[in-house]
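One structure is given here, and the rest of the page talks about it.
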Amino acid sequence: MPAKKRRVKALEASMIDAYIQDLDCNYLKTDDVFRTTEPPEIGDTVHSVQMRESDGEVAFFQQLTKSIQPFSLRETGNSVWALGEKQWVNKQDYVRNHDVKDPGNTIAVTFVETKVLTAGITVPLLQRFIARRFDGENSIVHTWKFITEAKGVFDGMQMDETGWCRFLPSLDDSQPGTTVEMCIRRVPVYFRACGT
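Sequential numbering from 34 applies to the sequence shown in the numbering used here.
Okay, here's the thing in structure tokens:
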């Protein structure tokens with residue numbers, strides 16, 4: 034393998050490891066994330082924009098959803114995990130990284146998605162999806178990062194999505210099954226070259 038290719042592969046592995054560590058930390062914040070947000074009614078989705086106090090700029094866009102699935106906790110959590118594993122396998126340049134900590138509970142994939150804008154410009158998007166599953170006695174939590182890097186004319190633009198999905202046994206006797214709570218935060222990131 035050429036030296037440049039080895040360096041790129043080592044850099045990618047380091048990035049994946051850093052994202053996995055970040056997801057482990059995010060898991061520890063799960064209760065706080067759902068406790069400090071206004072929970073939606075079952076079946077609803079709530080969108081909001083969180084601003085930074087320091088400069089008034091957008092900190093992140095947030096989406097909260099809550100639903101009840103008519104299946105057991107394990108069936109629901111495992112089905113959603115299986116979907117996450119298979120969701121992008123047919124994408125261009127799909128690569129699954131199996132050399133990760135706890136591969137049975139970690140997904141790390143990269144792929145390219147090409148978008149054609151209304152002006153006819155083709156924009157390749159490098160996508161990274163990294164997810165971790167935490168299986169507790171009375172809950173299952175999935176945390177993930179979905180990073181999109183634009184290339185071509187939009188080189189330097191990035192979207193960073195962080196998500197939590199918590200599965201709990203439903204406490205509503207009229208709707209038995211599993212309560213699914215999801216929080217997604219999207220952060221737009223812009224990189225500028227020196228002097229621009």
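A virtual CB, placed ideally from N, CA and C, is assigned to each residue, including glycine.
Go ahead and label residue i buried or exposed: buried means 16 or more other beta carbons lie within 10 angstroms of its beta carbon, across all protein chains shown.
i	result
I154	exposed
E214	buried
N123	exposed
V82	exposed
N171	exposed
E86	exposed
Q54	exposed
K119	exposed
G110	buried
C216	buried
K178	buried
R161	buried
R218	buried
V66	buried
T78	exposed
C58	exposed
L106	buried
V149	exposed
Considering just the uninterrupted stretch of the alpha helix (DSSP H) at residue i, what are its terminal residues?
i	result
T63	T63 to R68
What's the C-alpha gap between residue i and residue j?
i	j	result
L56	T176	6 Å
V156	T143	17 Å
G196	G89	23 Å
F167	A51	18 Å
L61	T70	16 Å
E146	P73	32 Å
L159	V186	14 Å
R199	D126	31 Å
K99	D193	22 Å
I101	D205	9 Å
Can you give me the start and stop residues for the beta strand (DSSP E) that residue i sits inside?
i	result
T139	T139 to V149
Can you pull the DSSP bridge partners for residue i?
i	result
Q125	V145
I217	Q96 and G196
For a test of your reading of the model: does the CB of residue i fall under 7 Å from any non-hydrogen atom of the ligand NAD? Yes or no.
i	result
V79	Within the structure as shown, the ligand NAD is missing, as the structure has no ligands at all.
At what residue ranges does the stretch 81–112 contain a whole run of the beta strand (DSSP E), taking only runs of 3 or more?
91–102
Mind listing, in chain order, the continuous beta strand (DSSP E) runs of no fewer than 3 residues lying wholly within the stretch 146–211?
155–168, 173–183 and 190–202
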